[in-house]
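Before any comments, here is the structure.
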Amino acid sequence: LDELEEEESVDKDSKVADREEELCSKPSVVLEERVSLLRESERYCQHMRSILNFMSRTNDVVAEEGNKEYEIIVESNEVLSKIDEESNRVHRLLVEKYSHKFPELETLVPEKLDYAKVVLRIRNQMDMTQIELNDILPPTSVMVISVTGSTTSGAPLAHDVLQKCIDDCNEIIGLDNDRIMILNYLESRMAKIAPNTTELIGAALTAMLIGTAGGLEKLAAVPACNLTCLGQHKYRDLAGFGNQATMPHTGIL
Numbered sequence: 003l004d005e006l007e008e009e010e011s012v013d014k015d016s017k018v019a020d021r022e023e024e025l026c027s028k029p030s031v032v033l034e035e036r037v038s039l040l041r042e043s044e045r046y047c048q049h050m051r052s053i054l055n056f057m058s059r060t061n062d063v064v065a066e067e068g069n070k071e072y073e074i075i076v077e078s079n080e081v082l083s084k085i086d087e088e089s090n091r092v093h094r095l096l097v098e099k100y101s102h103k104f105p106e107l108e109t110l111v112p113e114k115l116d117y118a119k120v121v122l123r124i125r126n127q128m129d130m131t132q133i134e135l136n137d138i139l140p141p142t143s144v145m146v147i148s149v150t151g152s153t154t155s156g157a158p159l160a161h162d163v164l165q166k167c168i169d170d171c172n173e174i175i176g177l178d179n180d181r182i183m184i185l186n187y188l189e190s191r192m193a194k195i196a197p198n199t200t201e202l203i204g205a206a207l208t209a210m211l212i213g214t215a216g217g218l219e220k221l222a223a224v225p226a227c228n229l230t231c232l233g234q235h236k237y238r239d240l241a242g243f244g245n246q247a248t249m250p251h252t253g254i255l
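Mapped onto my numbering, the consecutive letters of the sequence shown carry residue numbers 3 to 255.
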């Protein structure tokens, strides 16, 4: 067990070091060439460095106003919201460019993260039988994409346009990785920040609720009748499939 804990610690420290190196060595680029304005901002980079710094510590967090780590936890809720907005913006740019290659893909893969992963796999390939997507999507979706992609009206993209699409995909995936890092950090601190809620529904759900509500005080002010709808998404039906499986009024809980 001690050896496993040491391996996990080494792996965690390695990931933290890699992310710190990435944050500290971001190249300065022209504004028009930037894919994500958020990840290039100094405030965002500083926030992520602070999270990496606190994640490497093992001391207990003091859940009091004025405490530096508590401020980072509260600010993380706002950062999560900005990550979602930025991810949606980059996704719209990606769809706009890649629709010339595969216009039907946006309808077949409505989730932006899955869309980015699928685009990275397909790229300019016109023969869908050569693309392996089973580790990204369920078999039914893969089948529909294979059939539709083989008969699509789209055409291969120019090299520079394809490269921009790849950059967009990597940015969406990078934003999602940052989101997961922040959520993991919040989960590790929830037992101290909101012990009662954590005991009832677990750290993961508590972190998601606090992040969605915008803070612990705002979550406490949410009426009980609205808690079940907190964090609901706008679902889109896949072409050719019914909407019986969708739950438009379902939130995190």
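Even glycine gets a Cβ: it sits at the ideal position worked out from N, Cα and C.
Computed from a predicted structure; not experimentally measured.
Minimum C-alpha distance to residue i - residue among the options
{"i": "residue 166", "options": "85, 99, 51", "result": "99"}
{"i": "residue 97", "options": "232, 168, 185", "result": "168"}
{"i": "residue 268", "options": "144, 187, 207, 107", "result": "Given that the chain is displayed from residue 3 to residue 255, the structure contains no residue 268 and the question cannot be resolved."}
{"i": "residue 73", "options": "86, 87, 56", "result": "56"}
{"i": "residue 103", "options": "135, 50, 92, 151", "result": "151"}
{"i": "residue 194", "options": "71, 172, 144, 110", "result": "71"}
{"i": "residue 58", "options": "105, 190, 208, 196", "result": "190"}
{"i": "residue 139", "options": "112, 45, 204", "result": "112"}
{"i": "residue 143", "options": "206, 109, 48", "result": "109"}
{"i": "residue 185", "options": "223, 141, 85", "result": "85"}
{"i": "residue 149", "options": "48, 203, 133", "result": "133"}
{"i": "residue 172", "options": "43, 122, 223, 141", "result": "122"}
Coil, strand or helix - residue i by DSSP
{"i": "residue 76", "result": "helix"}
{"i": "residue 221", "result": "helix"}
{"i": "residue 56", "result": "helix"}
{"i": "residue 30", "result": "Residue confidence is low: residue 30 scores 37 on pLDDT, short of 50, so the model does not pin down where it sits. No coordinate-derived value is stated."}
{"i": "residue 209", "result": "helix"}
{"i": "residue 201", "result": "helix"}
{"i": "residue 253", "result": "coil"}
{"i": "residue 125", "result": "coil"}
{"i": "residue 111", "result": "coil"}
{"i": "residue 83", "result": "helix"}
{"i": "residue 41", "result": "coil"}
{"i": "residue 137", "result": "coil"}
{"i": "residue 231", "result": "coil"}
Neighbourhood of residue i by C-beta, 7 Å cutoff - its chain only, sequence neighbours within 5 removed
{"i": "residue 229", "result": "255"}
{"i": "residue 233", "result": "210, 214, 253, 254"}
{"i": "residue 192", "result": "200, 205, 208, 209"}
beta-carbon residue i near the ligand ADP non-hydrogen atom, thresh 7 Å
{"i": "residue 54", "result": "The model on display carries no ligand, and the ligand ADP is accordingly not part of it."}
Under 8 Å between C-beta atoms of residue i and residue j
{"i": "residue 177", "j": "residue 83", "result": "no"}
{"i": "residue 174", "j": "residue 89", "result": "yes"}
{"i": "residue 107", "j": "residue 92", "result": "no"}
{"i": "residue 95", "j": "residue 170", "result": "yes"}
{"i": "residue 226", "j": "residue 212", "result": "no"}
Residues of its chain near residue i, where Cβ-Cβ distance is below 8 Å and the 5 sequence neighbours each way are ignored
{"i": "residue 160", "result": "none"}
{"i": "residue 46", "result": "40, 81, 84"}
{"i": "residue 105", "result": "154, 155, 156"}
Other residues of its chain near residue i: CB distance less than 6 Å, five sequence neighbours each side excluded
{"i": "residue 124", "result": "133"}
contact_flag[the region 180-188, the region 149-169] where n(CB pairs < 8 Å) is 3 or more: no
Three CB pairs or more closer than 8 Å across the region 214-221 and the region 100-118: no
Validate contact between the region 68-78 and the region 118-137 using beta carbons, cut 8 Å, 3 pairs: no
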